[in-house]
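Numbering (the working numbering), first residue to last: 79 to 862.
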């Protein structure tokens, strides 16, 4: 006689939510979309990131799509791997008294069911989960499974979703309410402290707390509990010792959820011995790492270099390391909470000092390599690498300072990063490191001489000429005493830049000529190109266009010989200036536009600003004053975004800028001039470069803004207006006589098309457009 199963007549097996769900609108929509296309979707991510809450929220929202219910199967408390089938059956409220296997019972019960099953916390029974899922999906065609795990199940057709941490507030953004992390903290804090709200007084501390906790929901919730005893500001101060502080959690949670520490311990214990060792060792990195760095720094002492790649892959699978693709490189990172845990393990192992020494040596060598290979075909790859490893470089510098004997090496490393400080938007930080090193290292040797002129170069770009001159004088004294020809050549170059800014062109020419002679003697191609470039600009300023062109052309020849593109762009700009002033604006325009393309490719807004200055002057000289005014508007945005005084390092062009603006104002008159400048300033950086490179594209309004309405259908515009009126999806559905799901879909499409992440932004946009359908008058300037 066939055994029967007993199933209680419930439509779902989801726990009631005891706290509200905050944020993750895009994540919810993405998981829903994938579940409509695939039968297995696995949410992966670090412990505490909110995989379980996201899964249950998606399941709750999708109940109507599954007539036979949505069911949660919790596996975290399962100790006996052999009981997984029974655990699933119990979660589904299946009662069977036959002698059939649990797998047979499950298949029999689910064969014709249109159901969504959540398998929560699969990682510690991963193999068994994989077997069960494969059999169920093969035998039950209407079943869909949503799994949460620190690593993929590895089943065919599986769709993976890496669950991110909650969105964090931008350090410079005052609108904290758009951050899901802040919203979650405020909401949970309100449950702890009556009448707790976000205020002007606490918003900075709240943002700091959320950033310190990496936007991890569990960490934020545990931190909010502490407001029973601490103020927000006290909590931020005490988060330095996070593991000690965050030790209390709701006792009703599963054991690995009781504290942040217990949860991370749980993850750690799931790793093999070598995985645990690598976890501890990679915690010495700050801000991420790549495989090459992991192999160099973390191998040895029991871990062979060839093992590292597999161990990294294993930690990625377990969601300890997060894999990221940046600038065509694969990198890995630890969330700060996980990293701090690893550091504790590293300290306990007694190998912290060894790993920190390896770390600082590795990045010292990287900085030295970047300096020696700066001039050549590997330039772009090296500058990208330095940008990605900026936080590690900073950590290495700090590490050097912690060892008194290494201060000289620290100063040398800071000098080697000269172009990183300039091109990587870290000019102020570079000066700080060099100032700190020069204060600590006073030996009058080559290291100090080089650091002095390097620091002066940065000071010149900040228009701090008094400091630059003092440092150059000391560097010159050391150089002359020790006969340091390369350093004296750079002192002459930087001194010429100061003279040029002070409009002492004759002195600048003499200094640049000395620099050229010195760099030739030192056989330093990069220094020679830099000196020739400046010499060309100064010759143009004197009206000696023949020599200006000759110097620029020699620059180009040297760049071509070394397959160098960055300095080549500056040389083309210098040549463009000479050609323009000699009376050939068309040739100048072509040269400078080629240079601008390279500057944009290399993400060098300083060089792009220089090229745009020349283009504005050339355009004005050709009588295209409205276009020139728009270019001046673009320049305002560029210089403001860079945050450095315009043209402080190119003093000869300041007069050109002022003359150009005066000429355009006189031709257009104030009102037209101001309007054209506003239109240029309203472009984003990428749009501005595109406009500068195509003189036939008019700028009426920001293309980003003008294209938005055309992206929306009439129905979507109607829904957007209702969103702006403060209506919920349910109210919109009732008013338009559509299903709530359809209304939700419209809102999701509107947000995606407009590039927004909140209904408030839609309301603001509608307000700017006006209810009659007019476009906003202008877009918002974007930071390059």
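For glycine and all other residues, C-beta sits at the position ideal for the given N, C-alpha and C.
Would residue 567 pass as a contact of residue 602 if the rule is Cβ separation under 9 Å? The residue labelled residue 567 in the question sits at position 489 within the chain shown. The residue labelled residue 602 in the question sits at position 524 within the chain shown. Yes; because the gap between Cβ atoms is below 9 Å, this pair is in contact.
State the start and end residues of the unbroken alpha helix (DSSP H) segment that holds residue 519. For the purposes of this step, residue 519 is identified with residue 441 of the chain shown, where counting begins at 1. Counting along the chain, residue 519 falls outside any alpha helix (DSSP H), and DSSP gives it neither H nor E.
Quick test of your reading: residue 618 and residue 656, contact by CB under 8 Å. State the CB separation rounded to the nearest angstrom. Along the chain shown, read from residue 1 onward, the residue named residue 618 stands at position 540. Along the chain shown, read from residue 1 onward, the residue named residue 656 stands at position 578. That belief holds up - the Cβ atoms of residue 618 and residue 656 are roughly 5 Å apart, short of 8 Å.
The region 480–494 in contact with the region 375–392 per 3-pair CB rule at 8 Å: no
Within 10 angstroms of the Cβ of residue 130, are there 16 or more other Cβ atoms? Answer buried if so, exposed if not. Taking the chain shown and counting its residues from 1, one reaches residue 130 at position 52. Label assigned to residue 130: buried.
Can you name the start and end residues of the alpha helix (DSSP H) that residue 162 belongs to? Counting from 1 along the chain shown, the entry for residue 162 is found at position 84. Note, residue 162: alpha helix (DSSP H), 162–169.
Taking residue 209 as the reference, which of 226, 590, 234, 142 has the closest Cα? Within the chain shown, the letter at position 131 stands for residue 209. Nearest option by C-alpha distance: 234.
Three-pair Cβ contact test at 8 Å for the region 185–195 versus the region 114–134: no
Complete alpha helix (DSSP H) runs within the region 370–410 (minimum length 4 residues, chain order): 386–395
Tell me the rounded alpha-carbon separation between residue 809 and residue 816. Walking along the chain shown from the start, residue 809 turns up at place 731. Walking along the chain shown from the start, residue 816 turns up at place 738. Cα to Cα, residue 809 sits roughly 10 Å from residue 816.
Could you say if the region 403–412 and the region 352–372 meet the contact criterion of at least three C-beta pairs nearer than 8 Å? yes
Could you tell me how far apart the beta carbons of residue 673 and residue 689 are, in whole angstroms, since I believe they sit closer than 8 Å? Locating residue 673 in the chain shown gives position 595, where the first residue counts as 1. Locating residue 689 in the chain shown gives position 611, where the first residue counts as 1. 5 Å between Cβ atoms; contact.
Spatially closest choice to residue 399 from 441, 435, 353, 437, by CA coordinates: Mapped onto the chain shown, residue 399 falls at position 321. Closest by alpha carbon: 353.
Locate the alpha helix (DSSP H) running through residue 457, then write down its first and last residues. Within the chain shown, numbered from 1, the residue matching residue 457 stands at position 379. Residue 457 -> alpha helix (DSSP H) spans 457–466.
Quick check on residue 225: buried or exposed, where buried means 16 or more other Cβ atoms within 10 Å of its Cβ? Position 147 of the chain shown, counting from 1, holds the residue named residue 225. It counts as buried.
Would you say residue 508 and residue 489 are within 9 Å of each other, going by their C-beta atoms? Translated into positions along the chain shown, residue 508 becomes position 430. Translated into positions along the chain shown, residue 489 becomes position 411. Cβ atoms of residue 508 and residue 489: not closer than 9 Å.
With the cut-off set at 9 Å, would you say residue 553 and residue 528 are in Cβ contact? Numbered from 1 along the chain shown, position 475 holds the residue referred to as residue 553. Numbered from 1 along the chain shown, position 450 holds the residue referred to as residue 528. Yes, Cβ-Cβ distance for residue 553 and residue 528 is below 9 Å.
Does the structure place the region 433–451 close enough to the region 623–635 that three or more beta carbon pairs sit under 8 Å? no
From the DSSP output, in three-state form, read off residue 225 for me. Numbered from 1 along the chain shown, position 147 holds the residue referred to as residue 225. Correct three-state label for residue 225: strand.
Could I get the ranges of all uninterrupted alpha helix (DSSP H) runs contained in the region 484–520, with 4 residues as the minimum, in chain order? 485–494, 496–501, 505–518
Three-state class that DSSP yields for residue 650 in the structure shown: In the chain shown, residue 650 corresponds to position 572, counting from 1. Looking at residue 650 - three-state DSSP - the assignment turns out to be helix.
Return yes when the Cβ of residue 433 is within less than 9 Å of the Cβ of residue 376, no when it is not. Working through the chain shown from its first residue, we reach residue 376 at position 298. Working through the chain shown from its first residue, we reach residue 433 at position 355. Cβ atoms of residue 376 and residue 433: closer than 9 Å.
Could you check what DSSP says for residue 781 in three-state terms: helix, strand or coil? One-based indexing of the chain shown puts residue 781 at position 703. Interpretation of residue 781 is limited by its pLDDT of 38, a score under 50 that renders its predicted location unreliable; no figure is taken from the coordinates.
Buried or exposed, going by whether 16 or more other CB atoms sit within 10 Å of the CB of residue 843? What you label residue 843 is simply residue 765 of the chain shown in a count that begins at 1. Burial call: buried.
Below 6 Å CB to CB, which residues in the same chain sit around residue 493 once its five sequence neighbours on both sides are set aside? For the purposes of this step, residue 493 is taken as the residue at position 415 of the chain shown. Cβ neighbours of residue 493 beyond the five flanking positions: 528, 529, 532.
Delimiting residues of the alpha helix (DSSP H) encompassing residue 767: In the chain shown, residue 767 corresponds to position 689, counting from 1. Unbroken alpha helix (DSSP H) run through residue 767: 763–771.
How many Å lie between residue 751 and residue 293 at the Cα? Looking up residue 751 in the chain shown gives position 673. Looking up residue 293 in the chain shown gives position 215. Approximately 46 Å, taken between the alpha carbons.
Going straight from the alpha carbon of residue 749 to that of residue 757, what length do you get? Sequence index remark: in the chain shown, residue 749 carries index 671 (1-based). Sequence index remark: in the chain shown, residue 757 carries index 679 (1-based). Going from the Cα of residue 749 to the Cα of residue 757 covers about 12 Å.
Going by CA-CA distance only, name the one from 444, 257, 256, 315 that's closest to residue 34. With the chain covering only 79 through 862, there is no way to say anything about residue 34.
Is the Cβ-Cβ distance between residue 172 and residue 217 less than 9 Å? Translated into positions along the chain shown, residue 172 becomes position 94. Translated into positions along the chain shown, residue 217 becomes position 139. No, Cβ-Cβ distance for residue 172 and residue 217 is not below 9 Å.
Is residue 127 near residue 295, with beta carbons less than 9 Å apart? Reading the chain shown from its first residue, position 49 is the one you call residue 127. Reading the chain shown from its first residue, position 217 is the one you call residue 295. For residue 127 and residue 295, yes; Cβs fall inside 9 Å.
What number of angstroms, rounded off, separates the C-alpha of residue 801 from the C-alpha of residue 824? Reading the chain shown from its first residue, position 723 is the one you call residue 801. Reading the chain shown from its first residue, position 746 is the one you call residue 824. C-alpha separation (whole angstroms): 11 Å.
How long is the line joining the alpha carbons of residue 279 and residue 300, rounded to whole angstroms? Position 201 of the chain shown, counted from the first residue, corresponds to residue 279. Position 222 of the chain shown, counted from the first residue, corresponds to residue 300. Cα to Cα, the separation comes out at about 22 Å.
Specify whether the region 584–600 and the region 559–566 touch according to this definition: at least 3 beta carbon pairs, one from each stretch, less than 8 Å apart. yes
Please return the same chain residues whose Cβ sits closer than 6 Å to the Cβ of residue 650, not counting the five positions on each side in sequence. Mapped onto the chain shown, residue 650 falls at position 572. Counting only Cβ-Cβ distances below 6 Å, and skipping sequence neighbours, we find 669, 672, 673.
Leaving out five residues before and five after residue 708 in sequence, what residues of the same chain have Cβ atoms less than 6 Å from its Cβ? Sequence index remark: in the chain shown, residue 708 carries index 630 (1-based). So the list reads 754, 757, 758, 777, once near-sequence residues are dropped.
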